[in-house]
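This report concerns only the one structure given below.
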Amino acid sequence: MSDALIEIKDVSKSYRRDHLEIPVLRDISLSVSEGEYLALMGPSGSGKTTLLNLIAGIDRPDRGTIRIAGVEIGLMGESELARWRSRHVGFIFQLYNLIPVLTALENVELPLMLTSLSQKERREHAELALRVVGLSDRMGHYPRQLSGGQEQRVAIARAIVTDPTILVADEPTGDLDKVSAEEILDLLGQLNTDFAKTIVMVTHDPRAAERARLVRQLDKGTLI
Amino acid sequence: MPLINLIIRNLFRHKLRTILTVLGIAIAILAFGLIRTVIAMWYSGIEASSPNRLITRNAISLIFPLPIAYRSAITAVPGVSEVSYAQWFGGIYIDEKHSQFPQIAVDGSTWFKVLPENRISDSQLAAFLRERNAAIVGVQLARRFGWKVGDVIRMRSMIYSGDWDFAIRGIYTGAKKTTDETIFFFRWEYLEEKVRQLEPWRAGHVGWYVVKITDPDRAAAVGQAIDARFKNSLAETRTETEQSFMQGFISMSDAILIALRIISIVIIGVILMVLSNTMAMTARERLSEYAVLKTLGFRTRHLIGLIAGESLLIAMAGGLIGISLIGPTVLGFGTVMARTVGAIFPIIGVSLATRTLSLLMALSVGLAAAIFPAWRTVTIEIAKGLRRIG
């Protein structure tokens, strides 16, 4: 048995569009160690986001196995998988995906609603996460009152607040200006080095990929 | 931050849409409650009927009279404790528009004993019995026309000829909420006296007898005994409980009542469509957010709770506003009806059952409207939901 945190073996995935079956991933095998910072690169349609979704347990492979920390997530039922995601995965989206009617603090607190923490403890954890991303002075702000970079910081705080096993980021700088993108990449790097977070990031941006310690290229659903 | 906070904040994302939907539901529930109240008013006569009273009328039809001589024979039937009688007058006060209230000639000495729910003071009853053309009117009727004790009013009749002057000597009130307070009672002796003068061939008759019995459990047997007395006579009788008698009246309006019931159900169907549309739009717009919540680990029950909670709150708000408006609207409706076509519905009030049914309807609509959007949200794959972003 491997000591890899993420272990993907012979995974294939295809989507059905009308009557056509479109293969997206073909026999992918990949291992990611604990504390790794992996960047997945490749052209559009190469299957990066699909692979990320499979790792994060929000999609299921047609064939093959995905083990995270020794647990085969493909065998889990929907409800069990949802519980597993809430404990083990922090997701960072390209468009931040904050809930617009909640403040920064409430957005970060959201994943903690699924835990047994008290309201006071939830608040403390959320405040700490926002301090880590440098937004302690924006806690009461709504997403519309924040810049893109700040919104992504809130999203990162939401992703780390449950102290997940892995952080998955889908084009985290794709919608940001250069300065904000640098800040976000610095923050992700800091989470990897200072907090030993395992990060899997999908990106088009070579400058973002440079920050990762391991870069893998995908092309037409195959790792090259 | 409990989930209810998120539900409440979601409610106010599209304020105008939420307000319009709430108002739509409020108006529909108001219409539903109004219709149910009208139906309940129709049946209020049945509720007001007493189990220890029988009505004896001509077996052919209520429009045919019975001889006054039957009174002593009915009184002699075992199980009968008191007999009173009455006759329709068909009066026209001012004009036909103002005349939609019942005018009944009654036996003054027994009527208020047999129907004690029409409460009248002893002094007013004594004054009523002293004067032949005296009348006692319901408090609502007196209020409608501004009548007071001592007033003399003139009527004509669609049944009897001549002008009729009545002196109001008493105003009765209802002992129960369901008691009709819009009736104009006057003495049968006055009617008889004038009929003997003007149309003597019609004298000596009454419209129906009201029979008080000692034991309601023996109502059927007493009724059969009364009818048996007049078998093969020129005016055979039909005796039934007061409740059956009232139901007979209501059955004449069955088609209208069924139509009203169908309309009330259609109204509920319409608000279901309105709220379903709002919730479907809302869920479609937030599909990506629900996908994010699923990604974070929120489960089916959380998402159903968010959608159904929002739908229920909208429905409940609309329902409560609508229910709170039923009372004043019914009152206004009653006033307008009284001014235009007369006091067709004497009992103006919204029952607890109508309010409860209206609220239950609103909540059922709230739940039903959430079914499709919740199902759609729960069944969509997360990856597909996330792709709807931007």
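Listed in order, the protein sequences are those of chains A and B.
Just so it is clear: in the first sequence, position 115 is 115 by the numbering used here, and no numbers are missing.
Just so it is clear: in the second sequence, position 152 is 152 by the numbering used here, and no numbers are missing.
Just so you know, even glycine gets a beta-carbon here, dropped at the ideal spot from N, CA and C.
Backbone secondary structure at residue i - three-state DSSP
i: B:Y391; result: What the structure shows of chain B is the stretch from 1 to 390, and residue 391 of chain B is not part of that stretch, so it cannot be assessed.
i: B:S233; result: coil
i: A:K13; result: strand
i: B:I165; result: First, the amino acid is wrong: residue 165 of chain B is Asp here, not Ile. If DSSP states are grouped into helix, strand and coil, B:D165 belongs with the strands.
i: A:S29; result: strand
i: B:I171; result: strand
i: A:S46; result: coil
i: A:A127; result: The sequence as given places Glu at residue 127 of chain A; Ala does not occur at that position. A:E127 falls in the helix class under three-state DSSP.
i: B:A370; result: helix
i: B:G390; result: In this predicted model, B:G390 has a pLDDT of only 33, less than 50, meaning its place in the structure is not dependable; the value taken from the coordinates is given anyway. Here B:G390 sits in coil by DSSP.
i: A:E109; result: helix
i: B:F298; result: coil
i: B:S123; result: helix
i: B:F249; result: helix
i: B:S81; result: strand
i: B:M316; result: helix
i: B:T143; result: Residue identity check: residue 143 of chain B is Arg in the sequence provided, not Thr. Three-state DSSP puts B:R143 in a helix.
i: B:I226; result: helix
i: A:E7; result: strand
i: B:E285; result: helix
i: B:I382; result: helix
i: A:L38; result: strand
C-beta contact flag for residue i and residue j at 9 Å
i: A:A209; j: A:M41; result: yes
i: B:G24; j: B:I271; result: yes
i: A:S12; j: A:R26; result: yes
i: B:T37; j: B:I326; result: yes
i: B:A28; j: B:G309; result: no
i: A:G149; j: A:L176; result: yes
i: B:G170; j: B:F128; result: yes
i: A:T172; j: A:I156; result: The sequence shown places Pro at residue 172 of chain A, not Thr. In contact: A:P172 and A:I156 (Cβ atoms closer than 9 Å).
i: B:T239; j: B:D227; result: yes
i: B:F186; j: B:N118; result: no
i: B:I55; j: B:V206; result: no
i: B:R376; j: B:A291; result: no
Proximity test, Cβ basis, 9 Å: residue i and chain A
i: B:G297; result: yes
i: B:I380; result: no
i: B:A283; result: no
i: B:L3; result: yes
i: B:L386; result: yes
i: B:L363; result: no
i: B:I389; result: Note that B:I389 scores a pLDDT of 45, beneath 50, so its modelled location is shaky and nothing firm can be said.
i: B:R17; result: no
i: B:S311; result: no
i: B:S253; result: no
i: B:A317; result: no
i: B:F12; result: yes
i: B:R420; result: Given that chain B is displayed from residue 1 to residue 390, the structure contains no residue 420 of chain B and the question cannot be resolved.
i: B:A308; result: no
i: B:L367; result: no
Neighbour flag for residue i against chain B, beta carbons, 9 Å
i: A:E36; result: no
i: A:L223; result: no
i: A:L143; result: It should be pointed out that residue 143 of chain A corresponds to Pro in this sequence rather than to Leu. So no, A:P143 is outside the interface.
i: A:V89; result: yes
i: A:T50; result: yes
i: A:D59; result: yes
i: A:V11; result: no
i: A:L110; result: yes
i: A:V101; result: yes
i: A:F93; result: yes
i: A:E106; result: yes
i: A:R83; result: yes
i: A:A56; result: yes
i: A:R158; result: yes
i: A:N53; result: yes
Beta-bridge pairing of residue i - partner residues as DSSP gives them
i: B:I262; result: Note: B:I262 sits in no beta bridge, so no partner.
i: A:I99; result: DSSP output for A:I99 lists no bridge partner at all.
i: B:Q103; result: B:F184
i: B:N118; result: B:G174
i: A:R63; result: A:S12
i: B:S157; result: B:G91
i: A:V89; result: A:I166
i: A:L20; result: A:R17
Closer than 9 Å to chain E by CB, residue i
i: B:A40; result: Absent from the structure: chain E. Protein chains present are A and B.
- Message: In chain order, what are the residue ranges of uninterrupted alpha helix (DSSP H) at least 4 long that sit wholly in the region 19 to 72 of chain B?
- Response: With a minimum length of 4 residues, the continuous alpha helix (DSSP H) runs that stay inside the region 19 to 72 of chain B are 44 to 48.
- Query: Which parts of the region 179 to 224 of chain B are runs of the beta strand (DSSP E), unbroken and 3 residues or longer, counting only runs that do not cross its ends?
  - Reply: Runs found: 184 to 187, 208 to 213.
- Could I get the ranges of all uninterrupted alpha helix (DSSP H) runs contained in the region 137 to 224 of chain A, with 4 residues as the minimum, in chain order? Look at the region 137 to 224 of chain A and you find these whole runs of alpha helix (DSSP H), each 4 residues long or longer: 148 to 160, 178 to 194, 206 to 211.
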